[in-house]
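J.: Dropping a structure here in structure tokens format, bear with me for questions.
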Amino acid sequence: MSKDPQSEEDPAEFLFHVRGVGGVGKSTLLRQWQEAARRADAVTAVVDENDVHGVQQALVELARQLAEQAGPLKEFDKAVEQFRREQAAQGEPMPVEGQASVSSRVVTQAALGAVSLIPGAGAVTAMANPDAAAQGLDRLRSASQARARRRGARGDEAGLSRAFVAELERLCDRHRWVVLFFDTWEQTARYLDGWLLSLLDEEFGAVPANVIVVLAGRDELTEREWAPLRDQVADVPLEVFTEAETRALLTARGVTDPDVVEAVLRLSMGLPLLVELLALARPHTVEEVDAGGDLADVAVDRFVQWITDSEQREAVRACALPLQLNEDVFAAAAGPAAEGLWEWLCGQPFVSGRGDFKHYHAVVRASLIRQQRIHSPQSWASAHLRLADTHAAWRAVVEERLPDAERWEDPEWRRYRLNETYHRLCTHPGTQLTPALEQVVHAAGQDAAVLRQWAETLEQAARDTADAALLDWSMRLRDAFADDEPVLACLGGLLAHGQLGAAARSWAYTYRGQRLYLSDRDEEALVEFDRALAHDARNARAWARRGETYRWLDQHEQAIADLSAALELDPAYAWALGSRGEAHRQAGRYDRAITDLTAALELDPTYAWALGARGEAHRQAGRYDQAVTDLTAALELDPALAWALGARGEAHQQAGHYDQAITDLTAALELDPTYAWALGSRGEAHRQAGRYDQAVTDFTAALELDPTYVWALGSRGEAHQQAGRYDQAVTDFTAALELDPTYAWALGARGEAHRQAGRYDQAVTDFTAALELDPTYVWALAHRGEAHRQAGRYDQAITDLTAALDIAPTYAWALASRGEAHQQAGRYDQAITDLTAALDIAPTYAWALGIRGRAHRQAGQYEKARADLEQAVEMDPADLSCRFEKLMFDTVEGRLEAGAEQWSVLLSSPMVSPTKTDATYLSLFQALLVTRENRVPEATQELLAAQPGSGDLAEVLSYLVELSAVSGRVADRARQCHDLINEYTLR
Numbered sequence: 002m003s004k005d006p007q008s009e010e011d012p013a014e015f016l017f018h019v020r021g022v023g024g025v026g027k028s029t030l031l032r033q034w035q036e037a038a039r040r041a042d043a044v045t046a047v048v049d050e051n052d053v054h055g056v057q058q059a060l061v062e063l064a065r066q067l068a069e070q071a072g073p074l075k076e077f078d079k080a081v082e083q084f085r086r087e088q089a090a091q092g093e094p095m096p097v098e099g100q101a102s103v104s105s106r107v108v109t110q111a112a113l114g115a116v117s118l119i120p121g122a123g124a125v126t127a128m129a130n131p132d133a134a135a136q137g138l139d140r141l142r143s144a145s146q147a148r149a150r151r152r153g154a155r156g157d158e159a160g161l162s163r164a165f166v167a168e169l170e171r172l173c174d175r176h177r178w179v180v181l182f183f184d185t186w187e188q189t190a191r192y193l194d195g196w197l198l199s200l201l202d203e204e205f206g207a208v209p210a211n212v213i214v215v216l217a218g219r220d221e222l223t224e225r226e227w228a229p230l231r232d233q234v235a236d237v238p239l240e241v242f243t244e245a246e247t248r249a250l251l252t253a254r255g256v257t258d259p260d261v262v263e264a265v266l267r268l269s270m271g272l273p274l275l276v277e278l279l280a281l282a283r284p285h286t287v288e289e290v291d292a293g294g295d296l297a298d299v300a301v302d303r304f305v306q307w308i309t310d311s312e313q314r315e316a317v318r319a320c321a322l323p324l325q326l327n328e329d330v331f332a333a334a335a336g337p338a339a340e341g342l343w344e345w346l347c348g349q350p351f352v353s354g355r356g357d358f359k360h361y362h363a364v365v366r367a368s369l370i371r372q373q374r375i376h377s378p379q380s381w382a383s384a385h386l387r388l389a390d391t392h393a394a395w396r397a398v399v400e401e402r403l404p405d406a407e408r409w410e411d412p413e414w415r416r417y418r419l420n421e422t423y424h425r426l427c428t429h430p431g432t433q434l435t436p437a438l439e440q441v442v443h444a445a446g447q448d449a450a451v452l453r454q455w456a457e458t459l460e461q462a463a464r465d466t467a468d469a470a471l472l473d474w475s476m477r478l479r480d481a482f483a484d485d486e487p488v489l490a491c492l493g494g495l496l497a498h499g500q501l502g503a504a505a506r507s508w509a510y511t512y513r514g515q516r517l518y519l520s521d522r523d524e525e526a527l528v529e530f531d532r533a534l535a536h537d538a539r540n541a542r543a544w545a546r547r548g549e550t551y552r553w554l555d556q557h558e559q560a561i562a563d564l565s566a567a568l569e570l571d572p573a574y575a576w577a578l579g580s581r582g583e584a585h586r587q588a589g590r591y592d593r594a595i596t597d598l599t600a601a602l603e604l605d606p607t608y609a610w611a612l613g614a615r616g617e618a619h620r621q622a623g624r625y626d627q628a629v630t631d632l633t634a635a636l637e638l639d640p641a642l643a644w645a646l647g648a649r650g651e652a653h654q655q656a657g658h659y660d661q662a663i664t665d666l667t668a669a670l671e672l673d674p675t676y677a678w679a680l681g682s683r684g685e686a687h688r689q690a691g692r693y694d695q696a697v698t699d700f701t702a703a704l705e706l707d708p709t710y711v712w713a714l715g716s717r718g719e720a721h722q723q724a725g726r727y728d729q730a731v732t733d734f735t736a737a738l739e740l741d742p743t744y745a746w747a748l749g750a751r752g753e754a755h756r757q758a759g760r761y762d763q764a765v766t767d768f769t770a771a772l773e774l775d776p777t778y779v780w781a782l783a784h785r786g787e788a789h790r791q792a793g794r795y796d797q798a799i800t801d802l803t804a805a806l807d808i809a810p811t812y813a814w815a816l817a818s819r820g821e822a823h824q825q826a827g828r829y830d831q832a833i834t835d836l837t838a839a840l841d842i843a844p845t846y847a848w849a850l851g852i853r854g855r856a857h858r859q860a861g862q863y864e865k866a867r868a869d870l871e872q873a874v875e876m877d878p879a880d881l882s883c884r885f886e887k888l889m890f891d892t893v894e895g896r897l898e899a900g901a902e903q904w905s906v907l908l909s910s911p912m913v914s915p916t917k918t919d920a921t922y923l924s925l926f927q928a929l930l931v932t933r934e935n936r937v938p939e940a941t942q943e944l945l946a947a948q949p950g951s952g953d954l955a956e957v958l959s960y961l962v963e964l965s966a967v968s969g970r971v972a973d974r975a976r977q978c979h980d981l982i983n984e985y986t987l988r
């Protein structure tokens, strides 16, 4: 530690492996190194098999010790809290929307009223009909969100590790060294080896150069896994004492008789722990040292026998029985006679441990356990039974404050239950094996780390009792943990071989079903839930979980039936109420959803998830203020609930409060930078606010996190389209369709991009393909009609628009577009009829008024034309098409000079997302009406080079005919342009 960690010439070693047989002094050496490190101003932490049974526990214990020396690790603490919330999410239904929300229908319907900014281009829509596309939007966005949450419900240990590495970096900025010790690596490597290799490979971030890692275990590091780091490992093999070292220690302890020294040398074989135990006893004769038998047993027995105080001697024996010791366990094990001896016991060389618990060295404990079981079996059983009952009593106290459903989630309750189970197994292995295996079933229902604790405790009981059946089961469970899916394998083994009761078998199938559900294996999960209910039809959890799985599969009625069955068995089952509320919401029954979620909250007012879900139901029902209220309340209970922040952002967005939406979605992303749904939703808020480049940035970031995020691809395409980047839009829609060829919305959207780019035949092809997937897709039907209209195929346009109106008679935009098709075909009366019907449905539809005014003008009904056009401009002064038609009317009536300035302003006004054709239209009318020099030939050539559709050209020609009747320069230019276009079309 005297070296410079940053030195390139002579860098400090950072990875040590201390190895040697049990009792050789590895733990002692680690304690000495830790003390030396702290003297060198290092912060240190150490974990071993008694502290941890998984990565999360290891990280939490390491962080706890580091924080004791260096102050709180706040960011890591936040990450732990988030991890625990994500694990708790296994107990919450996953939101999936299956029907268009009112809000989405409102958004898409409103978009249908948007109009073109130049004459003849028709309505510019949001690529969605009022129901079908809104449903697809909700479904795709929320399904992506739910899948991510469903997979993440198991907790993100990688996220914890990243947070831990970030804290190491901060610690290393303030301290010369950070040293992490991992003792009993032969045990802990089973679940930490892969994680440590990933840490050292910097998968969780760059590990600072002044971090030192020390491993201590009996075995060499595995060759294959550690080969890449082999050259960087400083190997520290510990050998037994040499004869000289043994003699020196004995002399230091006052053992000098030559015969006694020779006996200790022979018996201990130089093993430091045994030398120390024998030396501490200070034997005077050879007989006191060597009585034959197992060398560890002899050494330990001699040490105990040579404790002169009988109360101390009995305390040593009695406290070997518990797995871990604190003062309470010590008192229960040793009894009143040992009062005041706790500190003395903690000072013995074979007792170690950090934090709240101490433990015996494994060699010493195994010897004491073995001797007591063999020599005093009745006392052994009685002592274990007394300890089992003590832990049961402590457990009962905890149960007074815990509902039944929360017991297995409580670490204190689990600790008492685990120790009780161990001691009962030691008391009567034969009768207690089945109850213990049933406890293992419930441990498997928590997570792999909890299951591992139970399996390792059962293995310890097997070793301590030497019971054949227990040994057999400990091997089965150990083998199951080698499986790729250890929890499923353990439960499968328990079901195949265990003498479980019907209720326990039902729970085992239920937990297997839950695990399969969380792995997106829904059909397999349903089979397990069916088996669970076949064994115990009163298992409310199995009913509820099967219902949740059906809900995920969009089988709403079956889901509600199962969840209702669960609630009949357990009316206070708040989770089942919440899941049934979600099923109602998914089925579009928002009020019933809110009823169930409210009932869940009456049972548990702190149920943040239910508050958030109720807010979602209000949002989908279009009640944005109530949605925001509920989601805000959920966030007050749980400020780190990223999905609730995202949902509140969505509510703000759908209420048109885009800046508030972006604030919430950004906050959600600060909590979870990998939250692809929030990135997509923020992109959507930017898109709806007209900030297309920022929208594209967010959609792209979402796609980098999840390249299969179909909705984000489609939405990015929509942003490109609205920004006028039609080729990029088509690329994105095509990519979305490659991922999901049945995505009718993307086909329609791509068709719309082609239509707006003037590629009418390609547009019709895509709209037709969308309609083959969904014959009721009224928006695609109407827009295929619009493409036909722009291509000059008026009869086909009218056929499609009429079919759309047969499906949706109140579709105002389709009525207006059909009216425009009639108008362009010269059927002014029919045009006026359709446009009037559209205005009856949507009286503020300024674009329809403008087109009706044009039809009146072209039909010679000038007073009606004037009234319509003046009203249209008054209704929507920003609508360029209405202003265009009003100025055209004034010009035809001979008021060109009076409107010259207005023409100049209008034709230089900026357009939103203009197409190439749009720009050429503007240029042409500027040449006709505004510019002094005659640019008509150039402007006409530019228009024709843009290859407008026949319908668009026909519309331009109709305007030119009207302008040809105006006297002077405008008429001459109009006739010149008319001739040029006719000449082009006759080629």
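Each residue of the sequence shown is one higher than the one before, counting from 2 in this note's numbering.
Note that CB positions come from ideal geometry on N, CA and C, so glycine has one too.
Given the structure is predicted, the values throughout are model-derived calculations rather than measurements.
Below 9 Å between beta carbons: does that hold for T701 and R683?
T.: The residue labelled residue 701 in the question sits at position 700 within the sequence shown. The residue labelled residue 683 in the question sits at position 682 within the sequence shown. It is not a contact, given that the beta carbons lie outside the stated cut-off.
J.: Reducing DSSP to helix, strand and coil, say where V166 ends up.
T.: As a position in the sequence shown, residue 166 is number 165, starting the count at 1. Reduced to three states, the DSSP call for V166 is helix.
J.: Could you give the DSSP three-state label for A207: helix, strand or coil?
T.: Against the sequence shown, residue 207 aligns to sequence position 206. Looking at A207 - three-state DSSP - the assignment turns out to be coil, as it is neither helix nor strand.
J.: Pick out whichever of T189, F768, A656, V44 has its Cα sitting closest to the Cα of E168.
T.: Here residue 168 corresponds to residue number 167 of the sequence shown, with the count starting at 1. Measuring from the Cα of E168, the nearest candidate turns out to be V44.
J.: Are W196 and V399 closer than 9 Å when you measure CB to CB?
T.: Residue mapping note: residue 196 aligns to position 195 of the sequence shown, counting from 1. Residue mapping note: residue 399 aligns to position 398 of the sequence shown, counting from 1. Cβ distance not < 9 Å, so W196 and V399 don't count as in contact.
J.: Between which two residues does the alpha helix (DSSP H) containing W780 stretch?
T.: Translated into positions along the sequence shown, residue 780 becomes position 779. Here the alpha helix (DSSP H) through W780 covers 779–791.
J.: Report the residue from Y744, G681, L740 whose alpha carbon sits nearest the alpha carbon of R717.
T.: Position 716 of the sequence shown, counting from 1, holds the residue named residue 717. Ranking the options by Cα distance to R717, first place goes to G681.
J.: First and last residue of the beta strand (DSSP E) that includes P487?
T.: The residue you call residue 487 lines up with position 486 of the sequence shown. First-last for P487: 487–498, but that is the alpha helix (DSSP H), not the beta strand (DSSP E).
J.: Thinking just about the alpha-carbon of each residue, which of R593, E328, L346, A788 is nearest to the one in D357?
T.: The count along the sequence shown starts at 1 and reaches residue 357 at position 356. Per the Cα distances, E328.
J.: Under 9 Å, do S162 and L60 count as touching if we go by C-beta distance?
T.: Working through the sequence shown from its first residue, we reach residue 162 at position 161. Working through the sequence shown from its first residue, we reach residue 60 at position 59. Taking 9 Å as the Cβ cut-off, S162 and L60 qualify as a contacting pair.
J.: Give the DSSP bridge partners of R506, in chain order.
T.: In the sequence shown, residue 506 corresponds to position 505, counting from 1. R506 pairs with nothing; no bridge assigned.
J.: Report the option in G715, A37, T422, R546 whose CA atom is closest to the CA atom of L519.
T.: Position 518 of the sequence shown, counted from the first residue, corresponds to residue 519. The shortest C-alpha separation from L519 is found at R546.
J.: Less than 9 Å between the beta carbons of L388 and A334, yes or no?
T.: Along the sequence shown, one-based indexing puts residue 388 at 387. Along the sequence shown, one-based indexing puts residue 334 at 333. In this structure, A334 lies closer than 9 Å to L388 by Cβ.
J.: Quick one: residues in its chain with C-beta nearer than 6 Å to the C-beta of E277, no 5 flanking neighbours on either side, listed in chain order?
T.: As a first step, residue 277 must be located in the sequence shown, where it is residue number 276. Excluding sequence neighbours, E277 sits near P350.
J.: Opposite T45 in the DSSP bridges: which residues?
T.: On the sequence shown, position 44 is the one that residue 45 refers to. For T45, which the question treats as bridged, DSSP gives the partners V180.
J.: Below 8 Å, can you find three or more Cβ-Cβ pairs linking the stretch 499–507 to the stretch 450–467?
T.: The stretch 499–507 is not in contact with the stretch 450–467.
J.: Note down, in chain order, each residue of its chain lying with its Cβ closer than 7 Å to the Cβ of Q729, except the 5 sequence neighbours on either side.
T.: The count along the sequence shown starts at 1 and reaches residue 729 at position 728. Correct list, in chain order: H721.
J.: Tell me the residue span of the alpha helix (DSSP H) that contains G749.
T.: Within the sequence shown, numbered from 1, the residue matching residue 749 stands at position 748. Its alpha helix (DSSP H) spans residues 745–757.
J.: Output the distance between the C-alpha atoms of R148 and S28, rounded to the nearest integer angstrom.
T.: Sequence index remark: in the sequence shown, residue 148 carries index 147 (1-based). Sequence index remark: in the sequence shown, residue 28 carries index 27 (1-based). Any reading at R148 must be qualified, since the residue scores a pLDDT of 44, below 50, and its modelled position is unreliable; the value itself is stated next. Distance between the alpha carbons of R148 and S28 is about 45 Å.
J.: Considering D597, what are the terminal residues of the beta strand (DSSP E) in which it resides?
T.: As a first step, residue 597 is located in the sequence shown; it is residue number 596 there, counting from the start. Counting along the chain, D597 falls outside any beta strand (DSSP E), though it belongs to the alpha helix (DSSP H) covering 591–604.
J.: Of all the options F182, E871, D405, which has the alpha carbon lying nearest to the alpha carbon of Q35?
T.: Locating residue 35 in the sequence shown gives position 34, where the first residue counts as 1. Of the candidates F182, E871, D405, the one whose C-alpha sits nearest the C-alpha of Q35 is F182.
J.: List the residues that DSSP assigns as beta-bridge partners of A217.
T.: On the sequence shown, position 216 is the one that residue 217 refers to. DSSP lists V19 as partners of A217.
J.: Cutting at 6 Å between CB atoms, please list the residues of its own chain near D468, excluding the five before and the five after it.
T.: Position 467 of the sequence shown, counted from the first residue, corresponds to residue 468. Cβ neighbours of D468 beyond the five flanking positions: P430.
J.: Taking three-plus beta-carbon pairs below 8 Å as touching, is the stretch 407–426 in contact with the stretch 481–497?
T.: Verdict: no, contact absent.
J.: As a quick exercise: from A80, R32, A798, P404, pick the residue whose alpha carbon is nearest that of E671.
T.: Locating residue 671 in the sequence shown gives position 670, where the first residue counts as 1. Looking at the Cα atoms, A80 is the closest of the given residues.
J.: I'd like the list of long-range same chain contacts for L704, defined as Cβ closer than 6 Å, with 5 residues on each side in sequence excluded.
T.: By one-based count along the sequence shown, residue 704 stands at place 703. Correct list, in chain order: Y710, A713.
J.: If you draw a straight line from the alpha carbon of G950 to that of I842, how long is it in whole angstroms?
T.: Translated into the one-based positions of the sequence shown, residue 950 becomes position 949. Translated into the one-based positions of the sequence shown, residue 842 becomes position 841. C-alpha separation (whole angstroms): 30 Å.
J.: By a C-beta neighbour count over all protein chains shown, 10 Å radius and 16 as the cutoff for buried, is K359 buried or exposed?
T.: As a position in the sequence shown, residue 359 is number 358, starting the count at 1. Buried is the call here.
J.: Does the stretch 869–877 come within contact of the stretch 892–910, defined as at least 3 CB pairs closer than 8 Å?
T.: Contact between the stretch 869–877 and the stretch 892–910 is absent, because fewer than three Cβ pairs lie under 8 Å.
J.: G218 and T185: beta carbons closer than 9 Å?
T.: As a first step, residue 218 must be located in the sequence shown, where it is residue number 217. As a first step, residue 185 must be located in the sequence shown, where it is residue number 184. Cβ atoms of G218 and T185: closer than 9 Å.
J.: Return the residue from the list Q433, Y510, W508 that minimises the CA-CA distance to W474.
T.: Numbered from its first residue, the sequence shown carries residue 474 at position 473. Ranking the options by Cα distance to W474, first place goes to Q433.
J.: With DSSP as the reference, identify every bridge partner of P359, one or two as the case may be.
T.: Residue 359 sits at position 358 when you count from the first residue of the sequence shown. Per the sequence shown, residue 359 should be read as Lys rather than Pro. According to DSSP, K359 bridges with L326.
J.: Is V399 close to chain C? Criterion is C-beta to C-beta, closer than 9 Å.
T.: Absent from the structure is chain C; it holds one protein chain and no more.
J.: Strictly by DSSP, which residues pair up with D236?
T.: Residue mapping note: residue 236 aligns to position 235 of the sequence shown, counting from 1. According to DSSP, which records beta bridges pairwise, D236 is partnered with H18.
J.: In the DSSP output, what is S353 paired with across the bridge?
T.: If you number the sequence shown from 1, residue 353 lands on position 352. Looking at the DSSP assignment, S353 forms a beta bridge with H360.
J.: Helix, strand or coil: how does DSSP classify S145 here?
T.: Sequence index remark: in the sequence shown, residue 145 carries index 144 (1-based). Only weak support is given to the placement of S145: the predicted model assigns it a pLDDT of 43, under 50, and the value that follows is read from those uncertain coordinates. Helix at S145.
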